[in-house]
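Asker: Got a structure here, written out as structure tokens. Questions coming.
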Amino acid sequence: MEAAKPANPLEMIAYVLSLQIRDHQVVYVGTGLPMVAAILARKTHAPHITMVYESGGQDPIPGDMPWSVGDPFTWRKAALIQEMAYSFAQAYNGYVDIAFLGFAQVDMYGNVNTHQIGTDFLHPKVRLTGSGGNNDLTSVTENIVLVGLHTPDKFLPRVDFITSVGHLNGGNSRREAGLPGNGPVAVVTNAGVLDFEPATKRMRVQSLQPGMTFEFAQMCTGFELLRPEGDIPVTPVPDRAVLDILRTEVDPHGIFTKIPGL
Amino acid sequence: MSSFSYSREALENLRIADPAILDPLVDIESARKAHLRKDHAKRDKRMSIREAVAEFVQDGDIATDSGFAYVRTPHQAYFEMMRQGKKRLHFIGSPNTNQSYLINYGVCAYSHNSYVGAEMRGSDRNYSRQLLNGKVAILSEWSHGSMAQGFKAAQLGAPGVFSKQLLGSDILRFNPYVKVMQNPMRVDPDPVTFIPALYPDVTVIHVHAADKYGNARIYGPAVNDVALAASARKVIITAEEIVPETDIRYNNKGVVIPFVYVDAVVELPYGAVPGNMPGCYYWSRQWWEKFLRWGTLSDENIREFLDYWVMDSKDPFDFVEKLGGAKWVALSRRMTKTAEYDNEDDGYDFAYQSYKPGSDSGIYY
Chain A
72 MEAAKPANPL EMIAYVLSLQ IRDHQVVYVG TGLPMVAAIL ARKTHAPHIT
122 MVYESGGQDP IPGDMPWSVG DPFTWRKAAL IQEMAYSFAQ AYNGYVDIAF
172 LGFAQVDMYG NVNTHQIGTD FLHPKVRLTG SGGNNDLTSV TENIVLVGLH
222 TPDKFLPRVD FITSVGHLNG GNSRREAGLP GNGPVAVVTN AGVLDFEPAT
272 KRMRVQSLQP GMTFEFAQMC TGFELLRPEG DIPVTPVPDR AVLDILRTEV
322 DPHGIFTKIP GL
Chain B
240 MSSFSYSREA LENLRIADPA ILDPLVDIES ARKAHLRKDH AKRDKRMSIR
290 EAVAEFVQDG DIATDSGFAY VRTPHQAYFE MMRQGKKRLH FIGSPNTNQS
340 YLINYGVCAY SHNSYVGAEM RGSDRNYSRQ LLNGKVAILS EWSHGSMAQG
390 FKAAQLGAPG VFSKQLLGSD ILRFNPYVKV MQNPMRVDPD PVTFIPALYP
440 DVTVIHVHAA DKYGNARIYG PAVNDVALAA SARKVIITAE EIVPETDIRY
490 NNKGVVIPFV YVDAVVELPY GAVPGNMPGC YYWSRQWWEK FLRWGTLSDE
540 NIREFLDYWV MDSKDPFDFV EKLGGAKWVA LSRRMTKTAE YDNEDDGYDF
590 AYQSYKPGSD SGIYY
């Protein structure tokens with residue numbers, strides 16, 4: 072039998088992200104790799120999760136990969152579809168366990184920028200999308216997991232614009248700003264999984280992908296990473312069965328997990 | 240002079256010289272007067288989209304981007320605003336994706352921004368460029384949820400809501416309307432944001448069915464549209480079909496807009512094309528991809544693209560012909576039903592050829 076191609080970096084992120092989900096949780100899903108991760112989790116280790124989407128879909132029957140958080144697949148035979156104000160309200164009211172969000176820039180405290188590259192609001196180098204639901208979910212969801220590619224121009228000492236507050240200035244500053252929830256609990260990247268040191272709330276390596284060293288991860292990061300005590304664990308790799316599900320059932324057209332040439 | 244209190248820092252950061260420009264959005268008194276002045280009688284309000292846009296969309300109005308970017312969005316009404324040459328409207332919406340191309344035709348000059356882009360297909364380079372060129376000015380910056388709360392407060396008949404969103408973020412530094420304050424209910428320090436009720440001038444809501452009076456039924460995500468219909472000074476309903484009042488009464492699940500809000504009722508099949516109309520037709524993925532990957536690259540591209548699709552179409556039927564006509568309608572209906580599990584197409588393949596320059600197909604599916 073032909074050996075399966077190993078997971079490419081996007082498939083690896085999707086798999087590691089899926090492991091952040093525990094069975095029976097309510098998961099608030101954003102577009103892209105979070106969708107892939109949630110659907111993969113549901114088809115593997117967490118078959119009883121409930122997926123909710125910002126456009127209002129509640130617990131759809133999974134089908135093809137949604138094209139957007141407003142895709143009909145996000146409300147496929149959903150028991151109910153909420154209005155936007157109520158869909159975010161359920162996160163504040165404690166009915167959402169975990170949310171996954173992307174970023175254009177992130178800093179050492181897990182603050183996220185999806186607004187602009189450059190610090191001049193009226194004359195940015197590039198204007199990005201703006202908040203969408205990113206600020207809402209990081210503000211009011213109990214646990215946030217950030218997901219993105221790990222490069223020094225994305226991992227910065229200070230983001231150019233704080234769209235969404237992570238741990239703000241570290242320590243208790245998130246709580247003092249009036250925000251509920253734990254804030255970001257993990258950052259999943261192609262380097263590995265990062266968490267936040269409990270006292271300072273600075274970003275720390277939790278595990279590294281196979282072949283990745285702490286030094287190399289540090290080179291991909293624009294600020295000083297904290298190192299955990301002792302040996303750094305290796306991030307688990309998906310086995311053949313999980314990869315097959317990912318490739319044939321979850322994202323068969325490779326909308327979010329295919330890298331040209333790989 | 241303004242009669243409202245705005246964040247001085249945000250006014251400075253956004254370089255808003257005269258804050259009076261911000262007033263109508265939070266002016267409950269004028270909105271209430273407009274609602275009181277309306278004819279509250281149950282009367283036949285049917286008219287054409289041309290008449291409705293001509294009468295109820297005035298230059299300089301605060302208009303809404305309703306639906307969800309390209310889900311049940313009244314694109315064909317926006318296109319009519321372009322064809323009629325409406326000028327210098329302020330737009331507000333969550334998302335506010337469709338403001339972008341309206342800027343190029345002078346329809347939108349001011350933006351209350353929450354999100355412009357197409358998710359994984361990237362940020363909208365046109366919006367970025369028009370901001371830098373000064374063709375559009377941002378009057379306030381929001382998140383989806385906080386803006387939704389502003390609309391919902393208006394629907395609830397409340398001056399505003401206290402919220403946890405936006406706290407600590409830079410968005411607050413670019414929003415003149417939202418205030419940070421102590422939660423009046425709490426003894427311990429508990430910062431909250433106060434989000435005022437928001438009152439746009441005019442909203443267009445595209446619905447599945449309405450009666451001639453304006454009672455309207457929606458299926459799928461309502462997003463902010465119920466609140467927008469309640470708060471806007473003027474409300475235009477465009478509907479896939481006009482149905483008898485008895486149909487609305489007998490099938491009243493999903494009836495979310497009462498006739499008293501409504502000024503105009505327009506029968507407009509394919510009114511959400513090229514977007515997705517839940518249960519009716521799927522969005523034209525290739526159209527959007529061509530628009531985002533080629534159209535937004537330059538002012539010339541967007542002109543060429545929208546002149547062909549919009550300015551040279553007189554109505555949605557012309558537009559559907561360009562998408563592929565009857566064959567597009569059949570494919571599109573089948574796809575949306577499949578996506579929603581409304582037929583037996585379990586194995587239906589959603590694979591498609593994504594747009595690449597020069598790869599225009601006859602059918603934009």
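So the sequence lines, in the order shown, correspond to chains A and B.
Under our numbering, read the first sequence as residues 72 to 333, first letter to last.
Under our numbering, read the second sequence as residues 240 to 604, first letter to last.
For every residue, glycine included, the Cβ atom is placed at its ideal position computed from N, Cα and C.
1) What do you reckon, are the CB atoms on GLY128 of chain A and THR102 of chain A nearer than 8 Å?
2) Does ARG542 of chain B come within less than 8 Å of chain A when only Cβ atoms are used?
3) Compare the C-alpha of PRO307 of chain A against each of A:PRO269, A:VAL97, A:LYS329 and A:ASN261 and name the closest.
4) Do ARG198 of chain A and TYR438 of chain B have their CB atoms nearer than 8 Å?
5) Could I get the ranges of all uninterrupted alpha helix (DSSP H) runs contained in the region 257–297 of chain B, with 4 residues as the minimum, in chain order?
6) Mind checking the region 147–159 of chain A against chain B and listing, in chain order, the residues whose C-beta falls within less than 9 Å of any C-beta there?
7) Residues in the same chain with beta-carbon distance under 8 Å from LYS196 of chain A, minus the five sequence neighbours each way, listed in chain order, please.
8) Can you name, in chain order, every residue of its own chain whose Cβ lies under 8 Å from the Cβ of PRO430 of chain B, other than the five neighbours on each side?
9) So, is the C-beta of TYR163 of chain A closer than 8 Å to a C-beta in chain B?
10) Looking at the unbroken alpha helix (DSSP H) that takes in ASN252 of chain B, where does it start and where does it end?
11) What are the residues of the region 244–268 of chain B that lie near chain A, defined by any Cβ-Cβ distance shorter than 9 Å?
12) Short of 6 Å in beta carbon distance, which residues of its chain neighbour VAL256 of chain A, apart from the five on each side in sequence? Order them along the chain.
13) Would you mind stating whether VAL211 of chain A and PRO105 of chain A have Cβ atoms separated by less than 8 Å?
14) Could you give the distance in angstroms between the alpha-carbon of LYS281 of chain B and the alpha-carbon of ALA449 of chain B?
15) Flag SER89 of chain A as yes if its beta-carbon sits less than 8 Å from any beta-carbon of chain B, otherwise no.
16) Mind listing, in chain order, the continuous beta strand (DSSP E) runs of no fewer than 3 residues lying wholly within the region 354–386 of chain B?
17) Report all residues from its chain with a CB closer than 6 Å to the CB of PRO304 of chain A; omit the five preceding and five following residues, and keep chain order.
18) Which residues, in order along the region 568–591 of chain B, keep a beta-carbon less than 7 Å from a beta-carbon of chain A?
19) Scan the region 411–423 of chain B for residues whose Cβ lies nearer than 7 Å to a Cβ of chain A and list them as they occur along the chain.
20) When the cut-off is 8 Å and only beta carbons count, does LEU371 of chain B lie next to chain C?
21) Are the C-beta atoms of VAL446 of chain B and some chain A residue less than 8 Å apart?
22) What residues in its chain sit with their C-beta under 8 Å from that of ASN343 of chain B, if we drop five residues either side in the sequence?
23) Can you tell me whether DSSP reads GLU480 of chain B as helix, strand or coil?
24) For ASN372 of chain B versus VAL355 of chain B, is the C-beta distance shorter than 8 Å?
25) Using 8 Å as the cut-off, can you tell me whether the region 146–153 of chain A makes contact with the region 166–184 of chain A, which would need three or more C-beta pairs spanning the two stretches below that distance?
26) For LEU314 of chain A, which residues in chain B fall below 7 Å Cβ to Cβ?
27) For a test of the three-state rule: what should DSSP assign to ASN352 of chain B, helix, strand or coil?
28) Pull up the distance between the alpha-carbon of ALA357 of chain B and that of ASP363 of chain B, whole angstroms please.
29) Can you check the region 525–582 of chain B for any alpha helix (DSSP H) of at least 4 residues that lies completely inside it and give the ranges in chain order?
30) Between which residues of its own chain and PRO309 of chain A is the CB-CB distance below 8 Å, once the five residues before and five after are set aside?
31) Take the Cβ of ARG327 of chain B as the centre, count every other Cβ of all protein chains shown within 10 Å, and call the residue buried at 16 or more, exposed below.
32) Going by C-alpha distance, which of B:ILE487, B:PHE318 and B:PRO258 is nearest MET550 of chain B?
33) I'd like to check one pair, TYR245 of chain B with PRO513 of chain B: are the Cβ atoms closer than 8 Å?
34) What residues of chain A sit near VAL310 of chain B, judged by a beta carbon separation below 9 Å?
35) What's the gap between the Cα of SER339 of chain B and the Cα of ASP266 of chain A?
36) On a Cα-Cα basis, can you pick out the residue from A:ALA75, A:ASP142 and A:TYR163 that is closest to GLY459 of chain B?
Answerer: In terms of the structure at hand:
1) no
2) no
3) A:ASN261
4) no
5) 262–265, 267–276 and 288–295
6) ARG147, LYS148, ILE152, GLN153, GLU154, MET155, ALA156, TYR157, SER158 and PHE159
7) GLN187, ILE188 and GLY189
8) LEU406, VAL419, MET420, GLN421 and ASN422
9) yes
10) 247–252
11) ASN252, LEU253 and ARG254
12) ASN214
13) no
14) 13 Å
15) no
16) 376–380
17) SER278
18) THR575, ALA578, GLU579, TYR580, PHE589 and ALA590
19) PHE413
20) The structure shown contains no chain C; its protein chains are A and B.
21) no
22) ASN365, GLN369, LYS374, ASP538, ILE541, ARG542 and LEU545
23) strand
24) no
25) no
26) Within 7 Å Cβ-Cβ: nothing; LEU314 of chain A doesn't reach chain B, min ~20 Å.
27) strand
28) 7 Å
29) 538–545, 555–562 and 564–578
30) ALA78, GLU82, MET83, TYR86 and LEU317
31) exposed
32) B:PHE318
33) no
34) SER126, SER139, GLY141, ASP142 and PRO143
35) 37 Å
36) A:ASP142
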